[in-house]
Structure formats: C-alpha cells, structure tokens
Amino acid sequence: MVTIRFAIPSKGRLLEPTLKLLEAAGIKPLYTDDRALMLPTKLDWVTLVRLRAEDIPSVVESCAADLGITGLDFVKEYDADVEVFEDLGFGRARLVVAVPESSGYERVEDLPDGVRVATKYVNIARKFFEEKGIRARIVRVSGSTEVMPLLGAADAILDVVSTGTTLAIHKLRPIATVMETSARLIACKKSLQGPKARLVTSIVELIRSVLEAQKKKLVLMNVPERLLSRVLEVLPAMAGPTVARIERTPEPMVEVMIVVDEDELPETILAAKERGARDIVVVPIEKVTR
Ligand SMILES: Nc1ncnc2c1ncn2[C@@H]1O[C@H](COP(=O)(O)OP(=O)(O)OP(=O)(O)O)[C@@H](O)[C@H]1O
Ligand SMILES: O=P(O)(O)OC[C@H]1O[C@H](OP(=O)(O)OP(=O)(O)O)[C@H](O)[C@@H]1O
Ligand SMILES: [Mg+2]
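So the sequence shown is numbered by this note's numbering: it starts at 1373 and just counts up by one.
Following this line, the structure appears as structure tokens:
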C-alpha cells in the first residue's frame, strides 16, 4: 500500500492549531503519546511524524516526509526547495531586527560594520545584512534571543515578533522588518509526481476545504414572501440563494439559505434585516469541497 508521511511540529506554538486543522480535515491520530514520534491516523495511509518545526523543511525537501506543516520563516532559513501551499492562518509573526532602546540606532543603515547580531535565523540574517552592505557578525543562538543584548553578548537581534511584548520587556526596539511569516503546508516536489501524487494532492485538498470553510458561514433567514425580492437584492451574488416556502404561517413566508464570506457577514445581516428578514441564524461550515 502507498502511504504518506506527514511531518508536524512536535511542540510549541504551531502544535495545537496544527492538530486542530488536521482533525477538522479528518486526519486524526489514533492515539496521543508524547513520546511517540510517529503516529498512525484514522486514515490508514497517513502517518504523522512529530519533528521540530525547524527541521521540517529539510525533511520534506528530501521526501523523507511527503508533506509538512511549519513556518515560512524556517522554509526560508533552510532554503528548502519544497512546494509551499497557502497560509494556514496561524503562526503569524514578523522577523525583525531590534536594538536596545538606549542604543540610538534608528535604522538598519545606522548599524556599524562588526555589529553583533544574535539570532537563530543565521542564514536569513547573513543574507539580509549582506544586501544592506553591512558586515554583521552573526551570533547563533537557539532561543532566549531577546536577552542577548542585555547580557552584552550581542548589539542587536533578529527574531520573531508578534505582539511586541517580549521586545518591550527587554527594552528593545524594532528597526526593520525582514519578512512576514505564518504556518504553511509544504510538500516534497517529487511526491507531487509519481505514485504518491494522487494521495498527497487529496490531503492538500482536504486541508484546503477546511481553510475555505473557515472563511464562510451558512446564513438562514425567514423573510415574508412580499419582501423577498428586496432582501435578495442585498445578498452576495454567489450561486444561490436557496429559497424554501415555510408552511402554516399567518402570512406567506420563505426561508432563505445562503453561504456568505465571513468578511461580508456583518453588512449582509444588517442589510437583510433592514429589508425585512428575521430569525437570522449563522451556522459554521466544516468543509467546502468543489
Ligand atoms: N510569538 C509568535 N507568534 C506567532 N508565531 C510565532 C511566534 N513565535 C514563533 N512563532 C512561529 O512558530 C514557529 C515555531 O517556532 P519555534 O520553533 O521557535 O517554536 P516555538 O513554538 O516557539 O517553540 P520553542 O521555541 O519552544 O521550540 C515558527 O514558524 C515561528 O515563526
Ligand atoms: O512579540 P511577542 O508576542 O512577545 O512574541 C515574540 C516571542 O514569541 C516567541 O517566543 P516563544 O513564546 O515561542 O518562546 P521561546 O522563546 O521559547 O521560543 C519568539 O521567540 C519571541 O520571543
Ligand atoms: Mg519560540
């Protein structure tokens, strides 16, 4: 039997949202065991492999795992030649260069040659400073980066920022954004051809169907039949809506059912209500398969 290996982060920020996404897509581990690094799933042709997020790009590049979920930052850091699919909507952050508030540096261009930059993104950092024409000395760390300037072990850092709290606590100020990152689904290019292609593609589709569903809601509303055409005017112009007659009401009523993008939801509901829709119910959608 052809089987697929799917690499997922073994810990940290990406772990929970990854498991939630996979579960929604129907890829659920048969059991949980913190020590087990390979986990069979309900789909007997998919095995999950638990790896450090930063090791996933190279493991997927070599096809040792066919698919993986990791941050775009690590794909870039390891310069992995993998297929990168869309944003999964979590693990969103920026990589920034930050300096001590007291340093007086305002821009990257102010940093002198020989500046010591602590980071775990050593390749991204080298490239960034090279392109800026600054001869930086990269100090490799594997965590706790923000404390390095306070210790005197570095003059600046290049690290992940989301709320900015960690920078602020350590009296650091961002002076440049190096890249935006978020969690991505990645695949080995060779697995997208050949005997595994159909299976790998079907997992990509399963995950896409969950992502697409997250952006949409099913909206149900009751509308007096005489106001129907006015309500329909303000509903998004996708395929549909479905209109069903409601039996045994004092005045003729219909139920209108439509799928609406989350972004358009508030205006759609308000406008429909203004034109006479009532009992508006919004229902989450699990999957959208086309
Ligand atoms: N504060 C944050 N907000 C959003 N995403 C983040 C944040 N910190 C890290 N990430 C992203 O999470 C992914 C995993 O990062 P990392 O390997 O540092 O693991 P972690 O979740 O921080 O756990 P640990 O550092 O304990 O190993 C990376 O792609 C990174 O960009
Ligand atoms: O801008 P903020 O919201 O403060 O987030 C940024 C922090 O988040 C990450 O650390 P994490 O919490 O993953 O801990 P770690 O240092 O163990 O990786 C990252 O390394 C930063 O330190
Ligand atoms: Mg971290």
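The C-beta atom is built at its ideal place from N, Cα and C for all residues, glycine as well.
Where residue i and residue j are concerned, what is the direct C-alpha to C-alpha distance, given to the nearest angstrom?
{"i": "Glu1426", "j": "Val1432", "result": "11 Å"}
{"i": "Thr1517", "j": "Gly1524", "result": "12 Å"}
{"i": "Ile1630", "j": "Ser1434", "result": "44 Å"}
{"i": "Asp1445", "j": "Val1480", "result": "20 Å"}
{"i": "Ala1649", "j": "Asp1633", "result": "19 Å"}
{"i": "Thr1621", "j": "Asp1406", "result": "57 Å"}
{"i": "Thr1614", "j": "Glu1627", "result": "8 Å"}
{"i": "Pro1624", "j": "Arg1647", "result": "16 Å"}
{"i": "Ala1436", "j": "Arg1512", "result": "27 Å"}
{"i": "Arg1464", "j": "Glu1388", "result": "14 Å"}
{"i": "Glu1597", "j": "Ala1396", "result": "38 Å"}
{"i": "Lys1491", "j": "Gly1515", "result": "Note on identity: in this sequence residue 1491 is Thr, with Lys being the wrong assignment. Approximately 8 Å between the Cα atoms of the pair."}
{"i": "Leu1483", "j": "Val1591", "result": "55 Å"}
{"i": "Gly1566", "j": "Ser1574", "result": "14 Å"}
{"i": "Val1519", "j": "Thr1549", "result": "19 Å"}
{"i": "Gly1461", "j": "Thr1390", "result": "10 Å"}
Looking at residue j and residue i, is the spacing between their C-beta atoms short of 7 Å?
{"i": "Thr1413", "j": "Lys1400", "result": "yes"}
{"i": "Arg1498", "j": "Asp1527", "result": "no"}
{"i": "Glu1543", "j": "Glu1473", "result": "For the sequence presented, residue 1543 should be read as Lys rather than Glu. In this structure, Glu1473 lies closer than 7 Å to Lys1543 by Cβ."}
{"i": "Ser1430", "j": "Ala1452", "result": "yes"}
{"i": "Arg1466", "j": "Glu1552", "result": "yes"}
{"i": "Val1421", "j": "Arg1377", "result": "yes"}
{"i": "Lys1568", "j": "Asp1416", "result": "no"}
{"i": "Leu1530", "j": "Val1471", "result": "no"}
{"i": "Ile1428", "j": "Thr1442", "result": "yes"}
{"i": "Pro1687", "j": "Glu1636", "result": "Residue 1687 lies beyond the range of the chain shown here (1373 to 1662); nothing can be said about it."}
{"i": "Ser1554", "j": "Asp1459", "result": "yes"}
{"i": "Ile1496", "j": "Glu1449", "result": "yes"}
{"i": "Arg1545", "j": "Val1456", "result": "no"}
{"i": "Ala1379", "j": "Leu1423", "result": "yes"}
What are the start and end residues of the beta strand (DSSP E) that includes residue i?
{"i": "Ala1555", "result": "Ala1555 to Ala1559"}
{"i": "Leu1592", "result": "Lys1588 to Pro1596"}
{"i": "Leu1530", "result": "Ala1528 to Val1533"}
{"i": "Val1654", "result": "Arg1650 to Pro1656"}
For residue i, which residues does DSSP report across the bridge?
{"i": "Ile1575", "result": "In DSSP, Ile1575 forms no bridge with anything."}
{"i": "Thr1517", "result": "Per DSSP, none; premise fails for Thr1517."}
{"i": "Thr1614", "result": "Met1629"}
{"i": "Pro1381", "result": "Leu1423"}
With respect to the alpha helix (DSSP H) encompassing residue i, which residues constitute its N-terminal and C-terminal limits?
{"i": "Ile1428", "result": "Ile1428 to Glu1433"}
{"i": "Pro1389", "result": "Leu1387 to Ala1396"}
{"i": "Phe1501", "result": "Val1494 to Lys1504"}
{"i": "Thr1537", "result": "Thr1537 to Ile1541"}
{"i": "Val1603", "result": "Leu1600 to Glu1605"}
{"i": "Val1447", "result": "Leu1444 to Glu1449"}
{"i": "Leu1637", "result": "Leu1637 to Glu1646"}
#### Entry: Contact the stretch 1571 to 1591 vs the stretch 1645 to 1662: 3+ CB pairs below 8 Å
Contact between the stretch 1571 to 1591 and the stretch 1645 to 1662 is present, because at least three Cβ pairs lie under 8 Å.
### Query
Taking contact to mean at least 3 C-beta pairs separated by less than 8 Å, is the stretch 1531 to 1547 in contact with the stretch 1555 to 1567?
As far as the Cβ criterion goes, the stretch 1531 to 1547 does not touch the stretch 1555 to 1567, which means the pair count is below three.
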